[in-house]
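Novice: Chains A and B, in that order, give the protein sequences. Numbers in the working numbering are just positions in the first sequence, counted from 1, shifted up by 1. Numbers in the working numbering are just positions in the second sequence, counted from 1, shifted up by 709. One structure follows; several queries about it will come next.
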Amino acid sequence: GESVGLHLPTLSVQEGDNSIINCAYSNSASDYFIWYKQESGKGPQFIIDIRSNMDKRQGQRVTVLLNKTVKHLSLQIAATQPGDSAVYFCAENLRTGNQFYFGTGTSLTVIP
Amino acid sequence: GAVVSQHPSRVICKSGTSVKIECRSLDFQATTMFWYRQFPKKSLMLMATSNEGSKATYEQGVEKDKFLINHASLTLSTLTVTSAHPEDSSFYICSATRTGGLQSSQHFGDGTRLSIL
């Protein structure tokens, strides 16, 4: 919960363009990361995950990049669609425990 | 797929009322559930870890006596906001981890919007 208190950054992209959403995490002991999508009034939905022994992982239309040196994660969404409009959060998990701590989040708006 | 249900989805009540929120895993057993709080346009803040059959573990700064958690069975955790006041108004979200599941197996409910008048 280190990022709590910061306002939500926003990103607007044209439909069909690629989106890149960034996240800085704070704990160098974190070894597992998840990107979540949250639509208005709903709980977060799992998008993609990555472990600290990897620096890149690809899913369907999404890619997560991890830079442990600067404690930075990014989520790339290819050919962004209106249905991708939502708030995106990264969450980090420490080596000990099952708890996940969420980053600030980014509000993505796709312009048709 | 794994489903987590929260009830109620919305509560509006007077100051001083205690409010109970339920989190149920519908098609799997969950030894561990988590409770989060989310303010408008802000991130999810982990409040506590709910452990079946034992006491909940609270994050720093979260009042145990204010936010009572009970995890009496493998499919149900409850969060009771005691003597709620307007500053307790928020979106409360639970998640459940499948027993024996991978780290990724954390499934979220759709949240409870609590408004205290």
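Even for Gly, the Cβ is constructed at its ideal location relative to N, Cα and C.
Helix, strand or coil: which one does DSSP assign to E796/B?
Specialist: The sequence position of residue 796/B within the second sequence is 87, counting from 1. Reduced to three states, the DSSP call for E796/B is helix.
Novice: With DSSP as the reference, label D56/A as helix, strand or coil.
Specialist: The residue labelled residue 56/A in the question sits at position 55 within the first sequence. Correct three-state label for D56/A: coil.
Novice: Got a sec: which bits of the stretch 750-775 of chain B sit with their beta carbon under 8 Å from any beta carbon on chain A, in order along the chain?
Specialist: Residues K750, K751, S752, L753, M754, L755, T758 and E768.
Novice: Identify the residues that DSSP records as bridge partners of M756/B: which are they?
Specialist: Position 47 of the second sequence, counted from the start, is the residue given in the question as residue 756/B. DSSP output for M756/B lists no bridge partner at all.
Novice: Relative to the C-alpha of Q77/A, which candidate in I48/A, Y26/A and L95/A has its C-alpha closest?
Specialist: The residue given as residue 77/A occupies position 76 in the first sequence. Closest by alpha carbon: I48/A.
Novice: Would the beta-carbon of N1/A fall within 7 Å of that of S75/A?
Specialist: No answer is possible for residue 1/A: the residues shown for chain A start at 2 and end at 113.
Novice: With DSSP collapsed to three states, give me the class of D50/A.
Specialist: Stepping through the first sequence from its first residue, residue 50/A is reached at position 49. It is a strand residue.
Novice: One question on the structure: do F817/B and G44/A come within less than 7 Å of each other, judged by their Cβ atoms?
Specialist: Against the second sequence, residue 817/B aligns to sequence position 108. Against the first sequence, residue 44/A aligns to sequence position 43. Contact flag set, yes.
Novice: DSSP puts T726/B in a beta bridge; with which residues?
Specialist: Residue 726/B sits at position 17 when you count from the first residue of the second sequence. Beta-bridge pairing links T726/B to no other residue.
Novice: In three-state DSSP terms, what is D32/A?
Specialist: The sequence position of residue 32/A within the first sequence is 31, counting from 1. If DSSP states are grouped into helix, strand and coil, D32/A belongs with the strands.
Novice: Could you tell me the distance, in whole angstroms, from the CA atom of L109/A to the CA atom of F90/A?
Specialist: Position 108 of the first sequence, counting from 1, holds the residue named residue 109/A. Position 89 of the first sequence, counting from 1, holds the residue named residue 90/A. Cα to Cα, the separation comes out at about 11 Å.
Novice: Using 7 Å as the threshold, is the C-beta distance between M754/B and W744/B below it?
Specialist: Position 45 of the second sequence, counting from 1, holds the residue named residue 754/B. Position 35 of the second sequence, counting from 1, holds the residue named residue 744/B. In this structure, W744/B does not lie closer than 7 Å to M754/B by Cβ.
Novice: Using beta carbons (cut-off 7 Å, strictly below), is E106/A in contact with chain B?
Specialist: Position 105 of the first sequence holds residue 106/A. With the sequence shown as reference, residue 106/A is identified as Gly, and Glu is not the correct amino acid for it. By this cut-off, G106/A is an interface position.
Novice: From the beta carbon of Q100/A, is the nearest beta carbon of chain B less than 7 Å away?
Specialist: To locate residue 100/A, count along the first sequence from 1; it is residue 99. At least one chain B Cβ lies under 7 Å of Q100/A.
Novice: List the residues of chain B that F103/A touches, going by C-beta distances under 7 Å, in chain order.
Specialist: The count along the first sequence starts at 1 and reaches residue 103/A at position 102. Per Cβ cutoff of 7 Å: S752 and L753.
Novice: Can you find a C-beta in chain B that's less than 7 Å from the C-beta of G44/A?
Specialist: In the first sequence, the residue the question calls residue 44/A occupies position 43. Closer than 7 Å: yes.
Novice: So with Cβ pairs under 7 Å, would you call L95/A a contact of chain B?
Specialist: Locating residue 95/A in the first sequence gives position 94, where the first residue counts as 1. No, because no Cβ of chain B sits closer than 7 Å to the Cβ of L95/A.
Novice: Which residues of the stretch 789-821 of chain B have a Cβ closer than 7 Å to any Cβ of chain A? Give them in chain order.
Specialist: Flagged, chain order: I802, T806, Q812, S813, Q815, F817, G818, D819 and G820.
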